[in-house]
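K.L.:
Residue numbers (our numbering): 48 to 212.
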């Protein structure tokens, strides 16, 4: 089994971005409840890091396509395709993270945006995991815990990035 480098980069970068956002949201909740004393700066920098990682993942995913000009077609089958759902959710996640970081910069309430971003991040883990769980040709991936593996690996890499931040 030799997966293309572009897909390795995409799943690693996007998973780390989602995990970083979930770590930042957890810190945001802790700061709002008074358990942590943090300024808005780490949240703004973290949001920028999430956007850079997600964008780099998208660039890597485009290199995996045979014909990148037809990338818009990947959204067409959202009712039956986990890939289509992932392609739709990722830009929505990125927009939510951008507005969440901007809300921190303007010192607005971030609870609703953070919760929406967390739900989108978890949905992206599910979509990515189900893409690979649906590949029956690779016995190791065609397993019900594949989405859980993506969640755990993404959270681990995201929380490591958050600790470094």
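Glycine included, each C-beta is placed from N, C-alpha and C at the ideal position.
Computed from a prediction, not measured in an experiment: that's the story for all the values here.
Check residue 79 in the structure and name its three-state DSSP category.
P.N.:
In this structure, residue 79 counts as helix in the three-state DSSP scheme.
K.L.:
Report all residues from its chain with a CB closer than 7 Å to the CB of residue 161; omit the five preceding and five following residues, and keep chain order.
P.N.:
Excluding sequence neighbours, residue 161 sits near 72, 75 and 147.
K.L.:
Determine, using beta-carbon pairs with one atom in the segment 102-110 and one in the segment 148-167, whether at least three such pairs fall under 8 Å.
P.N.:
The segment 102-110 vs the segment 148-167: no contact.
K.L.:
Give the straight-line distance between the Cα atoms of residue 88 and residue 129, rounded to the nearest whole angstrom.
P.N.:
So the alpha carbons of these two residues sit roughly 35 Å apart.
K.L.:
How far does the alpha helix (DSSP H) with residue 193 in it reach, from first residue to last?
P.N.:
Where residue 193 is concerned, the enclosing alpha helix (DSSP H) stretches over 193-211.
K.L.:
Hey, quick one: how far does the alpha helix (DSSP H) through residue 138 stretch, first residue to last?
P.N.:
Segment 129-152, the alpha helix (DSSP H) holding residue 138.
K.L.:
Report buried or exposed for residue 187, applying the criterion of at least 16 other Cβ atoms within 10 angstroms of its Cβ.
P.N.:
Classification of residue 187: exposed, given that the 10 Å Cβ count is below 16.
K.L.:
In the DSSP assignment, find the unbroken alpha helix (DSSP H) run with residue 91 in it and report its ends.
P.N.:
Counting along the chain, the alpha helix (DSSP H) containing residue 91 begins and ends at 88-111.
K.L.:
Could you work out which residue in 185, 195, 192 and 208 is closest to residue 49 when comparing CA atoms only?
P.N.:
For residue 49, the nearest C-alpha among the options comes from 185.
K.L.:
If the criterion is Cβ atoms closer than 8 Å, does the pair residue 168 and residue 69 meet it?
P.N.:
Taking 8 Å as the Cβ cut-off, residue 168 and residue 69 qualify as a contacting pair.
K.L.:
Let me confirm a value: residue 182 is counted as buried when at least 16 other C-beta atoms fall within 10 Å, else exposed. Which label applies?
P.N.:
Its Cβ having fewer than 16 others within 10 Å, residue 182 is exposed.
K.L.:
Can you name, in chain order, every residue of its own chain whose Cβ lies under 8 Å from the Cβ of residue 145, other than the five neighbours on each side?
P.N.:
Excluding positions up to five away in sequence, the list reads 94 and 98.
K.L.:
Distance, Cα to Cα, residue 173 vs residue 82?
P.N.:
Cα to Cα, residue 173 sits roughly 30 Å from residue 82.
K.L.:
Starting from the Cα of residue 136, find the closest Cα among 78, 171 and 53 and give me that residue.
P.N.:
Per the Cα distances, 171.
K.L.:
Would you give the residue range spanned by the alpha helix (DSSP H) that residue 177 belongs to?
P.N.:
From DSSP, the alpha helix (DSSP H) with residue 177 extends over 158-180.
K.L.:
Is there a Cβ of chain B sitting closer than 8 Å to that of residue 105, yes or no?
P.N.:
You won't find chain B in this structure, because it holds only one protein chain.
K.L.:
Based on Cα-Cα distance, which residue from 159, 67, 77 and 201 lies nearest to residue 176?
P.N.:
Of 159, 67, 77 and 201, the residue nearest in Cα terms is 201.
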